[in-house]
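Colleague:
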Amino acid sequence: MRIPSFWAEATISQQHDGKSVVIRRYGWSDTGEPEAKALAQARAEEAAAQLAAGESVVRREPRKGYGGADGTPIREEIIEQRGDSVLTRNSYGAVCLNTPDVLFVDIDDESFEPPVLGNASLWTAGIVMAVLVGVSVNMQYSPHGWLLAALILCATAFVGLRRGREGEAAGRQRKGAALERVRRQIDSFIAAHPDWLLRLYQTPGGLRLMATHRTFAPDDAEAQACFETFQADPIYVRMCLSQRCFRARVSAKPWRMGLRRGLPQAQSHWPVAPAQRQAREQWVADYDAKAQRYAACHFIEAFGSGTAHPRALAVQDWHDSLCRAERKNLPLA
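Using my numbering, the first residue of the sequence shown is number 786, and each one after it goes up by one.
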């Protein structure tokens, strides 16, 4: 698993085709900043030599936090570490659990997406606006305009409420159908793999599976078969292979709990410039306080009759506590 504690950047300027070219490369280390600087310098010199030899070279590496699928280490603030598992804060401020050998599979499904302003709400809002405009004109010519407004607004509210309830019922039906479909998939998978033990969770945008009967390497054939069976996100699968780890978000997305946005751009890249540290710390404090009132996922059901592996069980306990997975009274975010 590649989540370094120290980062540095090296810059090399040289002439190429009669022009001044600047090459920038990052370096990283688990031991200290000097080692990170040395690696950055070595990588910059290697890129400069490739450019001089006529090869195509990226002048400046993108500064990504979750760049794991592209082969560079995960560049995020380390919050806590337990054994080989590491908590990090991603580029928009949420907390992620990274583990080298406990299998997570997120199953995205639009049926589980939280409701947005739907057609019924838009219809109601449009009618209300039309009524208000019409009544404002009508009241100039009739003393009973307010009575007409009250009647129309009441009727509009009734219809909007009814349509809203119908939409909620349809949403619950879609979620139920999607959940049953995945349950059947899991039952079939367990029938073919009787030693497996899977835990199923609901996330704001779908479902999550966690395997606890044993540990896995990301390139393990059984782990890859599980990804394929449950149609895991291809980018996530590449990240797992590149970084040699699995990953799960364990705190709310900021915009799902009413915050206008995630971490501001200047504070989202790690490590943060000294001038931005205080502002980042304040944003994180506000975010963490609000996130206490939300769950990242809800535990639904365990499948299989296998015995939990001690390492997987420790990660499960940490994951469930961080996500507030057993607190069904908390809204998902």
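Glycine is no exception: its CB is placed at the ideal position from the N, C-alpha and C atoms.
In this text the structure is predicted, and so the values were computed from the model without any measurement.
For the beta strand (DSSP E) containing residue 1110, list its first residue and its last residue.
Modeller: Under the DSSP assignment, residue 1110 falls outside any beta strand (DSSP E); it carries neither an H nor an E label.
Colleague: Rounded to whole angstroms, what's the CA-CA distance from residue 1033 to residue 813? Just pull it up for me.
Modeller: Going from the Cα of residue 1033 to the Cα of residue 813 covers about 23 Å.
Colleague: What's the C-alpha gap between residue 1048 and residue 877?
Modeller: 5 Å
Colleague: When you compare only the Cα positions, how much space is there between residue 987 and residue 1083?
Modeller: 5 Å
Colleague: Per DSSP, which one or two residues make a beta bridge with residue 1065?
Modeller: Its beta-bridge partners do not exist; DSSP assigns none.
Colleague: Which residue wins for smallest C-alpha separation from residue 815, given the options 829, 836, 793?
Modeller: 793
Colleague: Could you say which of 1089, 1051, 1064, 825 lies nearest to residue 996 if we only look at CA atoms?
Modeller: 1089
Colleague: When we look at the beta-carbon of residue 789 and count the other beta-carbons within 10 Å, is it buried (16 or more) or exposed?
Modeller: Buried.
Colleague: Classify residue 1052 as buried or exposed, calling it buried when 16 or more other Cβ atoms lie within 10 Å of its own Cβ.
Modeller: buried
Colleague: For residue 1094 versus residue 882, is the C-beta distance shorter than 7 Å?
Modeller: no
Colleague: Measuring CA to CA, which of 964, 817, 791 is closest to residue 1015?
Modeller: 964
Colleague: Is there contact between the stretch 884-893 and the stretch 997-1004, where contact requires at least three CB pairs shorter than 8 Å?
Modeller: With a cut-off of 8 Å, the stretch 997-1004 and the stretch 884-893 count as touching, because enough Cβ pairs lie within range.
Colleague: DSSP three-state label for residue 786, please.
Modeller: coil
Colleague: Just the Cα atoms here: how many angstroms apart are residue 1061 and residue 1071?
Modeller: Each residue's alpha carbon lies about 16 Å from the other.
Colleague: Going by beta carbon distance, what residues of the same chain come within less than 8 Å of residue 873, once the five residues before and after it are set aside?
Modeller: Within the same chain, Cβ atoms closer than 8 Å to the Cβ of residue 873 are found at 788, 859, 861, 862, 863, 864, 880, 881, 883, the five residues on either side in sequence being excluded.
Colleague: Could you check the C-alpha separation between residue 983 and residue 957 for me, to the nearest Å?
Modeller: 24 Å
Colleague: Near residue 822, what residues of its chain come up, given a Cβ to Cβ distance below 8 Å and the 5 sequence neighbours on each side ignored?
Modeller: 793, 795, 812
Colleague: Assuming contact is defined by CB atoms lying nearer than 7 Å, are residue 1080 and residue 1107 in contact in what I supplied?
Modeller: no
Colleague: Select from 1058, 833, 1118 the residue whose C-alpha is nearest the C-alpha of residue 1040.
Modeller: 1118
Colleague: Please classify residue 835 as buried or exposed, where buried requires at least 16 neighbouring CB atoms within 10 angstroms.
Modeller: exposed
Colleague: Please classify residue 841 as buried or exposed, where buried requires at least 16 neighbouring CB atoms within 10 angstroms.
Modeller: exposed
Colleague: Since residue 811 is in the beta strand (DSSP E), which residue starts that stretch and which ends it?
Modeller: 804-814
Colleague: To the nearest angstrom, how far is the alpha carbon of residue 1007 from that of residue 797?
Modeller: 45 Å
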